[in-house]
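This report refers to the structure that appears directly beneath it.
4 protein chains.
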Amino acid sequence: MSTEPARRWSRRSDARPDEILDAALEEFEAAGFDSARMEDVARRAGISKAGVYLYFDSKEALLKALIRREITPVAARVEVLAKAGEADPAVALKRISGVALLLLAQPRIFAIPRLVISISQRFPDIAALYRTEVLDRLRAALTGLIRSGIALGQFRADIDPELAIRTIAGPIMFEALWRNVLSGAPAIADPVEFARRHIDYVLHGIAALRP
Amino acid sequence: MSTEPARRWSRRSDARPDEILDAALEEFEAAGFDSARMEDVARRAGISKAGVYLYFDSKEALLKALIRREITPVAARVEVLAKAGEADPAVALKRISGVALLLLAQPRIFAIPRLVISISQRFPDIAALYRTEVLDRLRAALTGLIRSGIALGQFRADIDPELAIRTIAGPIMFEALWRNVLSGAPAIADPVEFARRHIDYVLHGIAALRP
Amino acid sequence: MSTEPARRWSRRSDARPDEILDAALEEFEAAGFDSARMEDVARRAGISKAGVYLYFDSKEALLKALIRREITPVAARVEVLAKAGEADPAVALKRISGVALLLLAQPRIFAIPRLVISISQRFPDIAALYRTEVLDRLRAALTGLIRSGIALGQFRADIDPELAIRTIAGPIMFEALWRNVLSGAPAIADPVEFARRHIDYVLHGIAALRP
Amino acid sequence: MSTEPARRWSRRSDARPDEILDAALEEFEAAGFDSARMEDVARRAGISKAGVYLYFDSKEALLKALIRREITPVAARVEVLAKAGEADPAVALKRISGVALLLLAQPRIFAIPRLVISISQRFPDIAALYRTEVLDRLRAALTGLIRSGIALGQFRADIDPELAIRTIAGPIMFEALWRNVLSGAPAIADPVEFARRHIDYVLHGIAALRP
DNA sequence: AATGAATGAGTATTCATTCAT
DNA sequence: AATGAATGAATACTCATTCAT
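Below, the structure is given as structure tokens:
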């Protein structure tokens, strides 16, 4: 497909950092950051122990690079969905919820929030990065959606968007924790079905009557 | 003041395990399980490194004992609240939510779920313990409350209690994560106020109109 | 000889730091600071690798402690000799020269100046320590002796004591270097005889006639 | 400007070894042999790490080549001066002393003796090289000068030339050590002035009276 | 009950050296 | 001639755990 002369091997070099990050993700996911051994990361990446240090200065740098890499597309995706859904915020929220749970139900994806939760005390800058790059952008996108919904008359005018997004996102995260942390806990089967009913409750409440 | 026979020397002795667990909680909270050093736990407990091993077989045993100790009263408390609230489940849920967030907002209390989240892969039995001792009992208590509410006509008859409790608990946990993990993130000021409005949304929904 | 109850083993603890420093001296002497391995120091001291770190924080700390220990008595000894020799500075200088060469001819003693020479660029504080604790005190003692000699009419009134001590000490150090660094180089046999004639030259000059 | 045939490409090529040796000298001077990194030598020489190995087989080989290069002109120069000074050995000694201190006061030049002192135990052949190429030739030149002086009646007939050269060279080396090792130590200002007075003391002694 | 001393088994990191290109 | 990529071997330092006292 390409006419470049075959650079057979040294092309690896461009791919290496990503291969290493993949390996790190898997090791960190399985063992946690502290308990994961650089040697295992290296072996999984198919290179020597010293090879990792060609691309990352230290274990901590590896962690930070990993989180940075994984973080970037997340909020971007939600922002796109949010933008696209401004015409019908209620539907958009349902869609976003389904996608979010679908993703967070996967151990490899849940691994990043889990890492952030685990090490946020020791590496506050990682927590800060996650907050600014992921959560602040998510918050902005979702509260925007809520406000659009209010403007459109879809949502009650008296709700606080800041709190409403917790009402929406909380159960998603809760279910993701449930599935990933407490293996054996009964998960509600289908993420999409989960999202559908979840949004029903959030939109219309669980009370039998309006006050 | 006490009628106990004078216990000459080892008066402290029965307090020791708890002092050690207190110390462990603080160290684990600050550094995480792996990164915390037994020496620091010992120092914080005011005894020698070897002294810890008089009461706990290993670091892992210390962790398990800690989690067991912290776990026990939690579900019990919720069960009591749930029982007491069966007459008015909606009010009970509001009360429980407030208490839960009040507790989980405290770093020392949040430390336990955080630890469980961090090490659940490596110590599945700890995760299992947490599930059976805390979450299963919480689930039972809360779904019971939901069912009572349905029976009383407070809640819609078509809701799934299992999902409904996620709708209730999720935002609480989400806010707790927000506060404890992402320092600097804007938290909604008063936990009790949070709970009041949160339950309003959950009960009556955020949509402007019922479908 | 002592009536203390035999504390058989744990008495070692008091001796340990010195044993380790002895071992370090030997390893550093043989291999140089960088090339010496902590493991070898430990083995030579008869303890485990980790044992060394019970007494010294790092390899660098070990080096500094070693130099500090070895340094202390040196200048003190010279000061005593200088004080004692003020009545007859010329004789005192001869005696001090003999002792100095006798000592510096021993590899274990020469090892310290050699270490200082080797690492002075990288650890300027060690060089500074050596200067203030050894050389400044030596300088003070020896220039004092020179001045006494001038006052007594033993030495020419027009000499600069600061330079004169180099005339005295230089050849001693030179011979020590010769012996310790350039194995196989012809050393002048007896240190005491060396000192005797060396001082003759220094006192009376090598010229056939006074100017 | 040169009549050499155009050497298309590798014009630099024959300068490379010397550039590398210059770089090595600087790195070894700053960090010591063990602590200096080949990578830094390479970078300072403006080539890649692997490039160094095109010209030198190993770090040790680099050290040896460096010492060999630096050593060669030294003794030669002294031999020339000695030869030239045979007519008036006393004056020649003064001149040589001044030049020697002038050179040894320069860190880049002192670096070589310092390296030899540092690693003589581990690389005895380097020490041997230094001895045969530098010191033995110096000794021969200087003792020759002394003997000439005796023959001319400039110097006392009863002095041992072997020892007399230590009396001459020792203070020079001592002052060089002082300046290079113990930064901050008071050095006697002008090397030439130092040499002038130093030789005065050596020739005529510091004693007030001849015995 | 309590601990100071000791250690075995790691573990991150470094660096001289090699080699395919 | 030159190098970017890679690594094997090493090494300082750590820490949970043990044990004699």
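Residue numbers (my numbering), protein chains in the order written: chain P, 4 to 214; chain B, 4 to 214; chain E, 4 to 214; chain Y, 4 to 214.
For each residue, glycine too, the CB sits at the ideal point set by N, CA and C.
Whole angstroms are fine: how far does the CA of residue j sit from the CA of residue i?
{"i": "P:GLY173", "j": "P:TRP181", "result": "12 Å"}
{"i": "E:ILE215", "j": "Y:ALA143", "result": "Outside the displayed span of chain E (4 to 214) sits residue 215 of chain E, for which this structure offers no information."}
{"i": "E:ARG80", "j": "E:LEU106", "result": "12 Å"}
{"i": "P:ASP91", "j": "B:ILE209", "result": "15 Å"}
{"i": "P:SER13", "j": "P:ASP60", "result": "Residue placement at P:SER13 cannot be trusted, given a pLDDT of 46 that sits under 50; the coordinates are not used to answer."}
{"i": "Y:GLY101", "j": "E:GLU32", "result": "33 Å"}
{"i": "Y:ILE133", "j": "Y:PHE113", "result": "Going by the sequence as given, residue 133 of chain Y is Tyr instead of Ile. Near 14 Å, if we compare the C-alpha coordinates of Y:PHE113 and Y:TYR133."}
{"i": "Y:ASP163", "j": "Y:ILE129", "result": "29 Å"}
{"i": "B:GLU178", "j": "P:ARG40", "result": "33 Å"}
{"i": "E:ASP17", "j": "E:GLY49", "result": "15 Å"}
Give every residue of the same chain whose Cβ lies closer than 7 Å to the Cβ of residue i, excluding the five residues on either side of it in the sequence, and list them in chain order.
{"i": "P:ARG47", "result": "ALA26, GLU29, GLU30"}
{"i": "P:ARG19", "result": "TYR58"}
{"i": "Y:ALA167", "result": "ILE149"}
{"i": "B:ARG10", "result": "Here the model assigns B:ARG10 a pLDDT of 42, short of 50, so the residue's position is not dependable and the matter cannot be decided."}
{"i": "Y:ALA45", "result": "SER51, LYS52, GLY54, VAL55"}
{"i": "P:GLU82", "result": "ARG140, ALA144"}
{"i": "P:ASP43", "result": "GLU30"}
{"i": "Y:ALA78", "result": "GLU136, VAL137, ARG140, LEU141"}
{"i": "B:ILE153", "result": "ALA160"}
By DSSP, does residue i sit in helix, in strand, or in coil?
{"i": "B:ALA143", "result": "helix"}
{"i": "B:PHE113", "result": "helix"}
{"i": "P:PHE197", "result": "helix"}
{"i": "Y:ALA108", "result": "coil"}
{"i": "P:PHE177", "result": "helix"}
{"i": "B:ALA160", "result": "coil"}
{"i": "E:ALA68", "result": "helix"}
{"i": "Y:ALA210", "result": "strand"}
{"i": "B:GLU89", "result": "coil"}
{"i": "E:ILE23", "result": "helix"}
{"i": "P:ALA18", "result": "helix"}
{"i": "E:GLY35", "result": "coil"}
{"i": "P:LEU185", "result": "coil"}
{"i": "P:LEU155", "result": "coil"}
{"i": "Y:ARG47", "result": "helix"}
{"i": "P:SER123", "result": "coil"}
{"i": "E:ALA192", "result": "coil"}
{"i": "Y:ARG40", "result": "coil"}
{"i": "B:ASP203", "result": "helix"}
{"i": "P:SER61", "result": "coil"}
Out of the options, state which residue places its alpha-carbon closest to the alpha-carbon of residue i.
{"i": "P:GLU73", "options": "P:ASP161, P:PHE177, P:ARG111, P:PRO164", "result": "P:ARG111"}
{"i": "E:HIS201", "options": "E:ARG159, E:THR135, E:ALA103, E:GLU82", "result": "E:ALA103"}
{"i": "E:THR75", "options": "E:ASP17, E:GLU178, E:VAL195, E:GLU136", "result": "E:GLU136"}
{"i": "E:LEU212", "options": "Y:GLN124, Y:LEU155, Y:ILE171", "result": "Y:LEU155"}
{"i": "Y:VAL184", "options": "Y:ALA108, Y:ALA68, Y:ARG71, Y:PHE197", "result": "Y:ALA108"}
{"i": "B:LEU138", "options": "B:ILE153, B:ARG125, B:VAL119, B:ALA33", "result": "B:VAL119"}
{"i": "B:LYS62", "options": "B:GLU82, B:ALA33, B:ALA130, B:LEU24", "result": "B:LEU24"}
{"i": "E:MET176", "options": "E:SER151, E:ALA68, E:PHE197", "result": "E:PHE197"}
{"i": "E:GLY35", "options": "E:GLU82, E:GLY49, E:ILE115, E:GLY152", "result": "E:ILE115"}
{"i": "B:ALA22", "options": "B:THR146, B:LEU65, B:SER38, B:ASP37", "result": "It should be pointed out that residue 22 of chain B corresponds to Glu in this sequence rather than to Ala. Nearest C-alpha to B:GLU22: B:LEU65."}
{"i": "E:ARG125", "options": "E:GLU178, E:SER186, E:LYS67", "result": "E:LYS67"}
{"i": "B:SER186", "options": "P:THR170, P:PRO127, P:ILE171, P:SER186", "result": "P:PRO127"}
Tell me which residues share the same chain as residue i and place their Cβ nearer than 8 Å to its Cβ, disregarding the 5 neighbours each side in the sequence.
{"i": "P:VAL94", "result": "GLY88"}
{"i": "B:PRO8", "result": "Any answer about B:PRO8 is weak, because its pLDDT of 48 lies below 50 and its placement is not dependable; what the coordinates show is given next. There are no such residues."}
{"i": "E:LYS97", "result": "ALA198, ARG199, ILE202"}
{"i": "E:GLU165", "result": "ARG142, THR146"}
{"i": "B:ILE70", "result": "ILE115, LEU118, VAL119, ILE129, LEU132, TYR133"}
Answer yes or no: the CB of residue i versus the heavy atoms of the ligand FAD, is any distance below 7 Å?
{"i": "P:ARG142", "result": "This structure lacks the ligand FAD, and indeed carries no ligand of any kind."}
Can you give me the Cβ contacts of residue i inside the same chain, cut-off strictly under 6 Å, excluding the 5 residues immediately before and after it?
{"i": "E:MET4", "result": "Low confidence applies to E:MET4: its pLDDT is 40, below 50, so where it sits in the model is not reliable, and the reading given next is rough at best. If we look at E:MET4 and ignore the five residues flanking it on each side, it has no Cβ neighbours."}
{"i": "E:ILE99", "result": "LEU84"}
{"i": "Y:VAL195", "result": "GLY101"}
Decide yes or no for the touch test of the region 146–164 of chain B against the region 203–210 of chain P: beta carbon pairs closer than 8 Å, at least 3 of them. yes
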